[in-house]
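J.: For the sequence shown, our numbering gives the first residue as 993, with consecutive numbering after it.
Every residue gets a Cβ at the ideal spot worked out from N, C-alpha and C, and that includes glycine.
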Amino acid sequence: MRSVALKAVIAVTWMAAAVAARAQANAEIVLLVGKGEKRATEQAAWNPATLNEKVSAGSFVRTLANSQMGLYLPDRTQIRLNQNSQLQVKTVADAAQFTQTQLQLTAGRAWSQAKPQTAPASANTNEARVIIQTPTATMGVLGTDWEIEVLPGGETQLVVLSGVVDISNERGALSIGAGEAALARAGAAPVRLVLVNPASRVQWVSSWKPQPRRWAGNESTRYGQAIALIESGDYTAAIAQLKAPASTDASAALLLADVLIQQGDLAGAVDVLRPQAASNADGRVASLMARAMARQDQVVQARAVVAQTLLQSPTSIELLLADGELAALDGDAAASRRAFNAVLAIEPRNAQAWYGIGLVESERENVRAARIALNEALRSDANFSQASAELAATETFAGNLEVARQLLEALVAREPQNYLARTSLGVYKLKSGQPAAALDDFLKAGLIEPRYSRAWLYTGVAHYQLGDTKRALEAFDKAAKLDPRDPVPYVYESMVLTDALDYGTAIEAARNAQQRMPFLKSLNQVASDQKGSANLGTSLANFGMQEWAGYYANEAASPYWGGSHLFLADRYTGKFARNSELFQGFLTDPTAFGSPSRKASLVGVPGHYGRVDLMADSGDWRQMGAGVTLNGLSTKDIPLAYYFSSDAARASAIDDDTTARARNFTIGLGARPSHDIGLFAFATNSTLNGQLRQLSLPNDRLTQGESRVDVGLNFKLTPTNQFWIKAGGGHQDSSVSGVIFSPASALSLNTALKTNIIPATGTLDVSNAGIRQRDLQFRHAFEIDATQWSWGAERSRLNREGRLVTTFNPVIIDSGEQFAVRQDDVWASLRHRLPGGHELQADAFHQRTSADRNQADALRLTSGPPALGSATSAVSQDTTEWNPRLGAKFQLAPLQAIRVAAQRWRRPASVGTLSPVDTSGIAVNDRLPAASGLYRRARAQYDGEIGASTFAQAYVDRERIDNGLAGRRSPASDFELTQLESLRDRPDIFSARSELEETPRFVEGKVSSIGFALNHLIGKATSVSFKYLNRDATQTGALAGLAIPFIPRHFAQTGAQWSLAGRWLVGVNATYRSERFRDDRNTVAIDSGVSFGGTLYWETADKRQSVQAIAENLLTRKSAGKSTEPHFVLRYSYNFDLGQ
């Protein structure tokens, strides 16, 4: 029945297609090796075919002996014909249409990547998009990688490498899957075959070009006739002439093997070379044999052959070149550089060696070194097209798009079959916002050289930008197979699956990437967004498994990649550490906040985006708010990103008639004037105005304001040798004025003055609090071998003042405070990687701190004597000290480690730092020390995956804190920048939360902790998490024995998250806290109890609209929470694109 149905489809579509054939798009000849011919009709004469020539529907093409031809169809189907093959292009479908392409292979052999665009929802997905007929069978291709051969007797042999092909004739039908084959004969139904190594069938599909003069060496004259045959493309005659002498002569064996590799007979090439390898003193035989083995995916064996032969011929140029190429293929950059440099020590003008070094550096985006090496290669050989293509690729990766375009367009026009240049041209088009045109270039490159992993990697990126997720994932899978040690295809796969809310599968991809991170070349081309979503821990974090996500983030942490900093920022709940990572992230990647707001672009692309948010919030306040965000990236002259956000809200208190209005503006700018310079600027301004109608402040006006400006620069000498500098400053001010009602104050005054005339109602004349903060910071980080060094200097200043003046007629109470911190730091840090994944870290901070606190209190009458009493105090605290930090990571097994850290840190007066905030992956706890406070800690922590679906963390921790003058009570709080987070445009669904309800304020204390956490993935759509923390947190000094505020003895939290069909996310959680206190004197207790919460999130398939509902603080008893009211949030977001 399937055969009848398939033939009926062909019959119906053939007539309509034939009528419209002239209006359809044409196929294009993108590859021509040897001689090919074409004709418009069956009766017409054959004419020579040429590169870039169009082939219209109904036309015929054929290849002659020792020739190959590649056709690229408008529906993005790739077809490559082997020698002596004939094909008719019956109909051609356009990529934008969902119709059929029909082909007929009458003789020979063809390979195809037939993967047209994924069907739209309205299309019949069971109908094959590509139909190919032979004399004995009809095949319907649903999207696959296959080879078909018409044998001399007319039989049809089909081999499927991936996907599914339906093969049928009048006798029957079969569905052939990946790794299977079928044979169809006239008068018999197709039969299924099993092949041991299906991929060996298509080894003839490659870009290998014989180089007979290279391999003949000094024997070129003796084998001049064979060389002439090879250079003329008459491989059949050359093979016949070389077969006999190849068994005894190394040069003949080399020439023969070179041709056999081009013909796809890799095993035959190795068999020819192996007997000559031992006797060939100059190493040419071993080097070519190793290259043939590598093309059979036997890289380890190939490297062993080269290593063994190098012991006998250590100065063989060909052996050293092969050694460098194979090491690069194996992800061993250091060994590759050594081998190529060894060649240059012998032969300084060797173009292949310079190209090898240039390729290694280009892949790692070491632009200066790549330019030098590739230009040296071209200086040695001006016609070295591979070096020209890679130089253009380097300029593309560096963001010099116009320079790259000129180089690439000229190179492709001159050499249409240069797959390196075509791939780089596609990357240029991607970065210029032309994904459809880029995809055409990538697929043409893949047709010329199907084993080029870079082309497949960016093919996936282009498919995803065009909205074809299925094809994108197929391309990433292909790239991963071609370069099995490269983590980037899995990074992209995880990002795509995370966008689709398929967190379980995304986590699996992230695990694959994490295992390959030691072989990473560069992540700089991976476009991260404002939240560092390219990080491998993103899918884990988005699915509520925060400890697991933090472990992945630390394992892949790098000071040189902005995505690492931006993702780590979300793992921290303290403002200081979070701001530190945000500043470093935006400085390192200043264009990150120009990324699309709906879904990942995977690589940086130009575009302009917007988002509108509407929010309703109910807790202690009822609040309604709206915000608009505009951001984008322009690459016209230089990469320039911008971000603008404005929001406004109105609120009213639940318990009284207090009302408030707030607004916030945030602006961010980032630019890369050149590949090695990044510029970043950030500014914010916020205001809040309120009318207080509380019992103690029955009719008072509240105003608050905050503003800040920061600018910074990043300079890259190399990808692993960078400088950062940042300067910034800001202020916060608040004031309250009006009426005050305080019976307690009146009673105290009447008692002290022995009177009863002072009323409980007075005026709040002055209630002001202000903070001024500024800082200047510098950092330099670089690597030498296995050691990462960094050093820097910072200066920070903080001035905090507050004044309270109240009048209870006839008495005036006047209190004022000033607190100032000045700190200068010079620091150095080293991280040393040991074999086996172990790591050591040692930091030293020289910190000079000066803290001053002045307080004045006065009691006076509104008239009469100037003062009834007054008191002043002035205290200073100056320290100059060395504060070290030591840490180590002991790798127990893959993705299992024990970390230990000893930290001594005096918190600066800044809102963040460019210095490391962690020691071997253990971050300082910035929630406990205040500015100028001294923090000391010792911690041991175990992190590890238990199987593929479970992660466990356990730790013991001891902390001591001495906040000194900063720990005393103050009417003004520390400056904690919050608007910097506005530059991060992605919603938090299951975000990290602190066990502390509020930052404790105390002078000194100690905390001993034992903690345990468990994250578990159930299937692909459910995750659960559990965390328990036991803390003994007591104050020392004057309040010794009292509890540190807000720290419970017992804390436990459990949660469950679901990713459901229809793009729904659901989460529930329960949190238990034992008794704790609001203040350092332990006068106001918060009872023990459980609070419940939940999150519900939905988004449309195109991610333009989303709705999120949050419920928090659902208490079992009202006295068990910092706030007694349940908290509900409802947010609607609409994302839109503004074009390029």
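With distance defined between alpha-carbon atoms, name the residue in W1819, Q1522, W1540 and A2093 nearest to D1460.
T.: Here residue 1460 corresponds to residue number 468 of the sequence shown, with the count starting at 1. Measuring from the Cα of D1460, the nearest candidate turns out to be A2093.
J.: Does DSSP put R1928 in a helix, a strand or coil?
T.: The residue labelled residue 1928 in the question sits at position 936 within the sequence shown. Of the three classes helix, strand and coil, the one that applies to R1928 here is strand, per DSSP.
J.: Counting only runs that start and end within the stretch 1299-1362, where is the alpha helix (DSSP H) found for 4 or more residues in a row?
T.: 1309-1321, 1325-1338 and 1343-1355
J.: Could you tell me which residues DSSP pairs with I1253 in its beta bridges?
T.: Here the question's residue 1253 lines up with position 261 in the sequence shown. In the DSSP output, where bridge partners are listed per residue, I1253 has none listed.
J.: Would you identify the three-state DSSP class for R2146, choosing helix, strand or coil?
T.: Because the chain is modelled from 993 through 2132, residue 2146 falls outside the range shown and cannot be assessed.
J.: Residues in its own chain within less than 6 Å of E1539 by CB, not counting five upstream and five downstream?
T.: Along the sequence shown, read from residue 1 onward, the residue named residue 1539 stands at position 547. Closer than 6 Å at the Cβ level, and outside the excluded window around E1539, lie Q1945, A2005 and N2007.
J.: Classify K1567 as buried or exposed, calling it buried when 16 or more other Cβ atoms lie within 10 Å of its own Cβ.
T.: Mapped onto the sequence shown, residue 1567 falls at position 575. So K1567 ends up on the buried side.
J.: For a test of the three-state rule: what should DSSP assign to P1886, helix, strand or coil?
T.: Position 894 of the sequence shown, counted from the first residue, corresponds to residue 1886. The answer is coil: DSSP assigns P1886 none of H, G, I, E or B.
J.: In whole angstroms, give me the CA-to-CA distance for S1572 and G1438.
T.: Working through the sequence shown from its first residue, we reach residue 1572 at position 580. Working through the sequence shown from its first residue, we reach residue 1438 at position 446. Taking the CA atoms as reference points, S1572 sits about 43 Å from G1438.
J.: Closer than 8 Å by C-beta to G1861: which residues in its own chain qualify, once you throw out the five before and the five after it? Chain order, please.
T.: Here residue 1861 refers to the residue found at position 869 when the sequence shown is read from its first residue. Only A1850 and L1851 meet the Cβ criterion.
J.: On the criterion of 16 or more Cβ atoms from any shown chain inside 10 Å, does N1791 qualify as buried, or is it exposed?
T.: Locating residue 1791 in the sequence shown gives position 799, where the first residue counts as 1. So N1791 ends up on the buried side.
J.: Less than 6 Å between C-beta atoms, sequence neighbours within five positions excluded: which residues of the same chain meet that for P1204?
T.: Counted from its first residue, the sequence shown places residue 1204 at position 212. Here the set comprises I1219, I1222 and L1247.
J.: Would you kindly check if the distance between the Cβ of A1641 and the Cβ of Q1615 is under 8 Å?
T.: Translated into the one-based positions of the sequence shown, residue 1615 becomes position 623. Translated into the one-based positions of the sequence shown, residue 1641 becomes position 649. It is a contact, given that the beta carbons lie within the stated cut-off.
J.: Note the first and the last residue of the continuous alpha helix (DSSP H) segment covering A1218.
T.: Translated into positions along the sequence shown, residue 1218 becomes position 226. Where A1218 is concerned, the enclosing alpha helix (DSSP H) stretches over G1216 to E1223.
J.: Can you list, in chain order, the residues of its chain with a C-beta nearer than 8 Å to that of T1228? Leave out the 5 residues immediately preceding and following it.
T.: Position 236 of the sequence shown, counted from the first residue, corresponds to residue 1228. Within the same chain, Cβ atoms closer than 8 Å to the Cβ of T1228 are found at A1057 and N1058, the five residues on either side in sequence being excluded.
J.: In terms of alpha-carbon separation, which member of H1455, A1170, A1561 and S2083 lies closest to N2221?
T.: Any answer about residue 2221 is impossible in this case: the structure gives the chain only from 993 up to 2132.
J.: Cβ atoms of A1843 and A1894: under 8 Å apart, would you say?
T.: Translated into positions along the sequence shown, residue 1894 becomes position 902. Translated into positions along the sequence shown, residue 1843 becomes position 851. No.
J.: Note the first and the last residue of the continuous alpha helix (DSSP H) segment covering F1389.
T.: Numbered from its first residue, the sequence shown carries residue 1389 at position 397. Here the alpha helix (DSSP H) through F1389 covers S1377 to F1389.
J.: Tell me which same chain residues have a C-beta within less than 7 Å of the C-beta of D2129, skipping the five on either side of it?
T.: One-based indexing of the sequence shown puts residue 2129 at position 1137. For D2129, where only same-chain residues beyond five positions count, the Cβ hits under 7 Å are G1599 and Y1601.
J.: Can you tell me the Cα-Cα spacing of I2078 and S1734, whole angstroms?
T.: Counting from 1 along the sequence shown, the entry for residue 2078 is found at position 1086. Counting from 1 along the sequence shown, the entry for residue 1734 is found at position 742. Approximately 24 Å between the Cα atoms of the pair.
J.: Leaving aside the five residues before and after Q1517 along the sequence, list all residues of the same chain whose C-beta is less than 7 Å from its C-beta, in chain order.
T.: Walking along the sequence shown from the start, residue 1517 turns up at place 525. Excluding residues within five positions, the ones whose Cβ falls inside 7 Å are F1389 and V1595.
J.: By DSSP, does S1077 sit in helix, in strand, or in coil?
T.: Mapped onto the sequence shown, residue 1077 falls at position 85. DSSP places S1077 in coil when its eight states are reduced to three.
J.: For V1813, I'd like the list of residues in its chain whose CB is within less than 6 Å of its CB, leaving aside the five on either flank, ordered along the chain.
T.: Along the sequence shown, read from residue 1 onward, the residue named residue 1813 stands at position 821. Answer for V1813: L1790, A1843, A1901, A1923 and S1924, listed in chain order.
J.: Just to confirm before moving on: does the CB-CB distance between Y1347 and L1318 stay below 8 Å?
T.: What you label residue 1347 is simply residue 355 of the sequence shown in a count that begins at 1. What you label residue 1318 is simply residue 326 of the sequence shown in a count that begins at 1. Annotated as distal: Y1347 and L1318, with beta-carbon spacing of 8 Å or more.
J.: Helix, strand or coil: which one does DSSP assign to N1748?
T.: The residue given as residue 1748 occupies position 756 in the sequence shown. DSSP places N1748 in coil when its eight states are reduced to three.
J.: In chain order, what residues of the same chain have a beta carbon less than 6 Å from the beta carbon of G1555, not counting five sequence neighbours either side?
T.: For the purposes of this step, residue 1555 is identified with residue 563 of the sequence shown, where counting begins at 1. Correct list, in chain order: S1520, G1524, A1526 and N1527.
J.: Please identify the residue among V2121, N2105, F2120 and L2122 whose C-alpha is closest to the C-alpha of K2114.
T.: What you label residue 2114 is simply residue 1122 of the sequence shown in a count that begins at 1. When each option's Cα is compared against that of K2114, the closest is N2105.
J.: Between which two residues does the alpha helix (DSSP H) holding V1995 run?
T.: For the purposes of this step, residue 1995 is identified with residue 1003 of the sequence shown, where counting begins at 1. Careful: V1995 lies outside any alpha helix (DSSP H) and carries neither H nor E.
J.: Write down the C-beta distance between R1891 and K1881 rounded to the nearest angstrom, noting that I regard them as a contact closer than 8 Å.
T.: For the purposes of this step, residue 1891 is taken as residue 899 along the sequence shown, with counting starting at 1. For the purposes of this step, residue 1881 is taken as residue 889 along the sequence shown, with counting starting at 1. So it is a contact: roughly 5 Å between Cβ atoms.
J.: Drop a sphere of 10 angstroms on the beta-carbon of W1553, count the other beta-carbons inside from all chains shown, and report buried for 16 or more, exposed for fewer.
T.: Counting from one through the sequence shown, the residue named residue 1553 turns up at place 561. By the 10 Å Cβ count, W1553 comes out buried.
J.: Can you list, in chain order, the residues of its chain with a C-beta nearer than 8 Å to that of G1225? Leave out the 5 residues immediately preceding and following it.
T.: Stepping through the sequence shown from its first residue, residue 1225 is reached at position 233. Closer than 8 Å at Cβ, skipping near neighbours: V1025, G1026, K1027, N1058 and S1059.
J.: Run through DSSP, which three-state label would D1475 get?
T.: Numbered from 1 along the sequence shown, position 483 holds the residue referred to as residue 1475. It is coil, neither helix nor strand.
J.: If we ignore side chains and look at the alpha-carbon of each, how far apart do G1169 and V1156 end up?
T.: Here residue 1169 refers to the residue found at position 177 of the sequence shown. Here residue 1156 refers to the residue found at position 164 of the sequence shown. If I take the Cα positions, the gap works out to 5 Å.
J.: Mind the definition here: the stretch 1095-1103 touches the stretch 1072-1080 only if three or more C-beta pairs lie below 8 Å; say whether that holds.
T.: yes
J.: What residue ranges within the stretch 1553-1637 form continuous beta strand (DSSP E) runs of no fewer than 3 residues, ordered along the chain?
T.: 1599-1610 and 1613-1626
J.: Since N1333 and S1377 are thought to touch, with beta carbons under 8 Å apart, how far apart are those beta carbons, to the nearest angstrom?
T.: Start at 1 with the first residue of the sequence shown, and residue 1333 comes out as number 341. Start at 1 with the first residue of the sequence shown, and residue 1377 comes out as number 385. That belief does not hold up - the Cβ atoms of N1333 and S1377 are roughly 24 Å apart, past 8 Å.
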